[in-house]
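Read through the structure below, which is laid out as structure tokens, and then see the notes.
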Amino acid sequence: MSNGGTLVAAGIVLIGAALIAPNLGRAPPPAPAAPSRQQSPAVAPAPDADPGVAARSIRRAPDGHFYADAIVNGATIRFVVDTGASVVALTREDAQRAGLTFPTQRLRAIGAGGEMDVMPVTLDRVTLGPVEARDVPAVVGERLPMSLLGQSFLGRVGAVEIRGDAMTIR
1 MSNGGTLVAA GIVLIGAALI APNLGRAPPP APAAPSRQQS PAVAPAPDAD PGVAARSIRR
61 APDGHFYADA IVNGATIRFV VDTGASVVAL TREDAQRAGL TFPTQRLRAI GAGGEMDVMP
121 VTLDRVTLGP VEARDVPAVV GERLPMSLLG QSFLGRVGAV EIRGDAMTIR
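Just so it is clear: in the sequence shown, position 1 is 1 by UniProt numbering, and no numbers are missing.
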């Protein structure tokens with residue numbers, strides 16, 4: 001992909017970040033502790049999943065977003081699931097926890113939230129419950145407030161469906 005095409009793709013990621021940015025400055029809902037008998041987990045097996053099809057259902061958080069804990073290269077990362085982001089975008093801190101080496105190449109991305117430096121990376125493995133993808137293209141955002149689970153992962157796993165307050169990823 002040319003630098004111009006990469007810049008546009010990274011800009012699309014940042015547009016997704018800018019659309020959800022008003023709430024991203026605040027701390028995301030905490031990762032759920034072990035569920036009690038009265039409380040359902042935020043991420044659970046999809047109840048209407050076809051037998052033999054890996055799926056996860058995620059409930060909408062009170063702020064209107066869908067949050068999920070995914071494993072990236074062995075590290076658990078808290079994401080906002082962003083179906084409008086073209087690629088997975090990691091904060092610098094999350095990328096470091098996932099053991100990523102930062103490339104010297106920096107791209108300047110322009111989105112609704114302004115300009116941001118991003119670094120293209122490839123994630124060896126991204127796992128969300130039973131759903132997994134390998135060699136996932138991603139970027140690391142210098143000033144990204146929260147990691148985004150975008151289409152470079154979601155587009156590989158089959159289907160993403162939202163019904164009411166539940167998102168199912170198959």
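Just so it is clear, CB atoms sit at the ideal spot from N, CA and C, and this is done for glycine as well.
Query, Result
"contact_flag[the stretch 55–75, the stretch 92–107] where n(CB pairs < 8 Å) is 3 or more", "yes"
"Backbone secondary structure at Leu144 - three-state DSSP", "coil"
"Helix, strand or coil at Arg106 according to DSSP, with G and I counted as helix", "coil"
"Same chain, Cβ closer than 8 Å to Ile77, neighbours up to 5 away in sequence not counted", "Asp69, Ala70, Ile71, Leu90, Asp94, Arg97, Ala98 and Ser147"
"Segments of 3+ residues assigned as beta strand (DSSP E) that fall wholly inside the stretch 54–98", "56–59, 67–72, 75–81 and 88–91"
"Beta bridge counterpart(s) of Pro120 as assigned by DSSP", "Val139"
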